[in-house]
Amino acid sequence: MGAYILSLDQGTTSSRAILFDRQGNAVRSAQREFRQIYPRPGWVEHDPAEIWATQLEVAQEIVTDPNELAAIGISNQRETTVIWDRISGEPIHNAIVWQDRRTAAFCDELKAEGFDRTILRHTGLVTDAYFSGAKVAWLLNNVAGARERAEAGELAFGTIDSFLVWNLTGGALHITDVSNAARTMLFDIHRGEWSAPILERLNIPRAILPDLRPCSKVYGETKAALFGAGIPIAGMAGDQQAATFGQAAYQAGMTKNTYGTGCFMLMNTGDQPQSSANNLLTTVAWQVGAGPRQYALEGSIFMAGAAVQWLRDEMKLIASAAESEAVASGIESSDGVYLVPAFVGLGAPYWDQYARGAIVGLTRGSGRAQIVRATLEAIAYQTRDVVDAMSADSGLTLETLRVDGGAVVNDFLMQFQADILGVTVQRPAVTETTALGAAYLAGLATGFWNSQAEIAGQWQLEREFEPAMSEDQRQSLYAGWQRAVERARAWAAD
Ligand code: ADP
Numbered sequence: 002m003g004a005y006i007l008s009l010d011q012g013t014t015s016s017r018a019i020l021f022d023r024q025g026n027a028v029r030s031a032q033r034e035f036r037q038i039y040p041r042p043g044w045v046e047h048d049p050a051e052i053w054a055t056q057l058e059v060a061q062e063i064v065t066d067p068n069e070l071a072a073i074g075i076s077n078q079r080e081t082t083v084i085w086d087r088i089s090g091e092p093i094h095n096a097i098v099w100q101d102r103r104t105a106a107f108c109d110e111l112k113a114e115g116f117d118r119t120i121l122r123h124t125g126l127v128t129d130a131y132f133s134g135a136k137v138a139w140l141l142n143n144v145a146g147a148r149e150r151a152e153a154g155e156l157a158f159g160t161i162d163s164f165l166v167w168n169l170t171g172g173a174l175h176i177t178d179v180s181n182a183a184r185t186m187l188f189d190i191h192r193g194e195w196s197a198p199i200l201e202r203l204n205i206p207r208a209i210l211p212d213l214r215p216c217s218k219v220y221g222e223t224k225a226a227l228f229g230a231g232i233p234i235a236g237m238a239g240d241q242q243a244a245t246f247g248q249a250a251y252q253a254g255m256t257k258n259t260y261g262t263g264c265f266m267l268m269n270t271g272d273q274p275q276s277s278a279n280n281l282l283t284t285v286a287w288q289v290g291a292g293p294r295q296y297a298l299e300g301s302i303f304m305a306g307a308a309v310q311w312l313r314d315e316m317k318l319i320a321s322a323a324e325s326e327a328v329a330s331g332i333e334s335s336d337g338v339y340l341v342p343a344f345v346g347l348g349a350p351y352w353d354q355y356a357r358g359a360i361v362g363l364t365r366g367s368g369r370a371q372i373v374r375a376t377l378e379a380i381a382y383q384t385r386d387v388v389d390a391m392s393a394d395s396g397l398t399l400e401t402l403r404v405d406g407g408a409v410v411n412d413f414l415m416q417f418q419a420d421i422l423g424v425t426v427q428r429p430a431v432t433e434t435t436a437l438g439a440a441y442l443a444g445l446a447t448g449f450w451n452s453q454a455e456i457a458g459q460w461q462l463e464r465e466f467e468p469a470m471s472e473d474q475r476q477s478l479y480a481g482w483q484r485a486v487e488r489a490r491a492w493a494a495d
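Per the numbering used here: the sequence shown = residues 2 to 495.
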């Protein structure tokens with residue numbers, strides 16, 4: 002068996018490939034960006050041909066000998082929707098990206114007729130343009146001839162995982178895994194099958210849907226021509242679920258938070274889906290082989306690291322994201338200044354699309370340092386909002402938080418996070434947990450790794466941040482944040 006697992010990490014702005022060895026170390030990697038296409042305000046598309054080309058290029062760049070490879074695992078940007086021709090493989094339209102809002106009005110219609118309750122019951126999701134279902138309906142309704150061809154069985158729909166597997170296997174496999182299916186708004190997470198009532202309401206013919214698979218299983222082999230030999234494709238999961246798997250968050254109650262552009266927190270809730278009374282999403286975490294489906298609660302925060310980019314690019318208060326740490330650490334506190342980064346509204350748990358950014362609590366002595374520090378603190382406060390919602394929903398108390406993503410290098414942010422949660426924050430040695438999770442899923446299916454227990458044993462702590470703040474101070478700072486959020490809410494409403 003080869004010495005490495007090839008992990009394909011197809012993200013929103015770039016395609017990456019990483020080779021992992023048996024110890025879970027990244028030994029080689031490559032990354033290529035691709036175009037973001039904005040045909041109209043609020044619309045976001047990708048060219049599927051570019052997604053495939055960049056993904057194949059980075060994979061071929063790091064694979065020098067197919068005998069090195071034991072298997073391939075895939076993680077991907079979730080919800081992004083492609084429809085292609087089953088004979089030619091040609092997409093009928095650009096991919097509609099998860100951020101695209103073109104189907105918002107259709108979602109409002111579904112809500113007005115109360116169909117959002119059916120969607121929530123079957124899929125665990127709020128009815129939103131974010132998910133794939135309405136995007137599929139839009140393509141069938143707006144691309145000439147698409148509906149007839151779909152009904153005749155000529156077209157295939159897939160999220161990016163499906164599209165990559167189709168291309169990797171030369172059209173032999175049209176499949177998706179249950180974690181990606183759970184983000185389509187078409188999948189019944191309780192029964193583990195496509196939801197007939199939702200397909201009917203959205204007028205989506207079953208013939209275009211991929212077959213469902215677990216997240217860890219040998220699905221098939223790549224076309225020999227791609228890497229010089231057929232390589233088993235053996236694992237796939239949506240990026241946030243893959244990151245949770247890569248963090249070895251295998252016990253109910255274990256939670257990871259990814260600090261990137263936004264923050265995505267997932268709490269493992271075991272083999273039972275927990276419905277949320279606090280506006281979190283219920284989603285499939287993963288399914289390993291013939292084992293039971295595992296579920297998670299998810300909180301999505303729109304602005305996290307992106308607010309630091311805003312400090313750098315729009316406000317010019319810092320020269321680099323890294324500088325935020327030194328500036329924030331240079332003062333004892335933000336002196337009562339709060340920044341609410343509701344630039345595009347607020348996600349979980351508020352879901353307030355009319356909230357807007359605000360800086361409150363300014364005094365004559367407030368300056369650059371207070372604003373920079375307040376921005377980093379806001380990332381931690383938003384995370385606290387989601388943690389509180391998760392604890393209320395799950396009845397589980399968070400004991401430690403495992404973190405990953407680009408912003409976790411910021412020690413100030415990590416310490417403040419521990420302080421404001423009153424919970425230990427654990428930063429692992431490998432922060433490429435998305436790609437690692439996909440590798441683990443593929444390695445489990447092929448005997449490269451023997452068990453989740455073995456994988457959990459590989460998880461290595463790089464640094465732990467212990468809460469050092471008094472309970473009084475924690476409560477008083479967080480109460481200030483909650484008042485600041487109130488000032489920012491419903492701002493853009495008439
Ligand atoms: P994504 O996968 O969403 O593109 P990454 O996980 O690559 O994001 O993280 C990039 C984000 O992390 C950027 O928004 C950037 O502003 C933020 N970031 C990077 N370094 C730091 C730092 N030292 N302090 C705070 N934020 C940082």
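Ideal Cβ placement from N, Cα and C applies to all residues, glycine included.
These figures come from a predicted structure and were not determined experimentally.
Residue i CB to nearest heavy atom of the ligand ADP below 7 Å
i    : result
L414 : yes
E326 : yes
V410 : yes
V341 : no
V309 : yes
T14  : yes
T245 : no
G306 : yes
G407 : yes
T81  : no
T55  : no
G261 : yes
Identified DSSP bridge partners for residue i
i    : result
R17  : D10, Q32
D178 : R214
R1   : Nothing can be reported for residue 1: it is not among the residues displayed for the chain, which extend from 2 to 495.
I120 : Answer is none; I120 lacks a bridge partner.
G300 : M266
A27  : F21
L347 : D353
G159 : V83
F188 : W195
V166 : According to DSSP, V166 bridges with nothing at all.
Own chain partners of residue i with C-beta closer than 8 Å, once the 5 adjacent residues on each side are dropped
i    : result
L203 : G134, A135, V137, A138, L187
F449 : M2, I6, R23, A71, A72, A443
G290 : P215, S217, K218, L445, A446
Own chain residues within Cβ distance below 6 Å of residue i, not counting five before or after
i    : result
T434 : A244, G247, Q248, D405
Q371 : S335, D336, V338
T185 : S133, G134
Q242 : S180, A286, W287
A307 : T262
G43  : R102
E152 : P206
V83  : P49, P92, A96, G159, F164
G438 : A243, A244, F246, G247
7 Å Cβ shell around residue i - same chain, five flanking residues per side excluded
i    : result
Y5   : L20, F21, D22, V28, E69, L70, A71
L363 : V338
E91  : W85
S277 : T283, L298, D394
L340 : I360, I372, A375, T376, A379
R385 : I421, L422, Y479
A182 : F188, L213
G300 : M266, L281, A349, P350, V387, A390, M391
Proximity test, residue i beta-carbon vs the ligand NAP heavy atom, cut-off 7 Å
i    : result
A323 : Ligands in the displayed structure: the ligand ADP; the ligand NAP is not one of them.
_At least 3 beta-carbon pairs within less than 8 Å: the segment 410-430 vs the segment 452-468_ = The segment 410-430 vs the segment 452-468: in contact.
*Between the segment 33-42 and the segment 258-268, are three or more C-beta pairs nearer than 8 Å?*
no
_Runs of 3 residues minimum, wholly inside the segment 356-420: which ones carry the beta strand (DSSP E) assignment?_
359-361, 401-405
*Below 8 Å, can you find three or more Cβ-Cβ pairs linking the segment 41-53 to the segment 156-172?*
These segments touch.
*asked:* My parser needs the alpha helix (DSSP H) runs of 4 or more residues fully inside the segment 38-97; what are they?
replied: Every alpha helix (DSSP H) of 4 residues or more that sits fully in the segment 38-97 is shown, in chain order, as 49-63.
*Quick one: complete alpha helix (DSSP H) runs, 4+ long, within the segment 220-294?*
225-228, 240-247
*asked:* So, does the segment 308-328 touch the segment 198-213, judging by three or more C-beta pairs under 8 Å?
replied: Between the segment 308-328 and the segment 198-213, the count of C-beta pairs closer than 8 Å stays below three; the two stretches do not touch.
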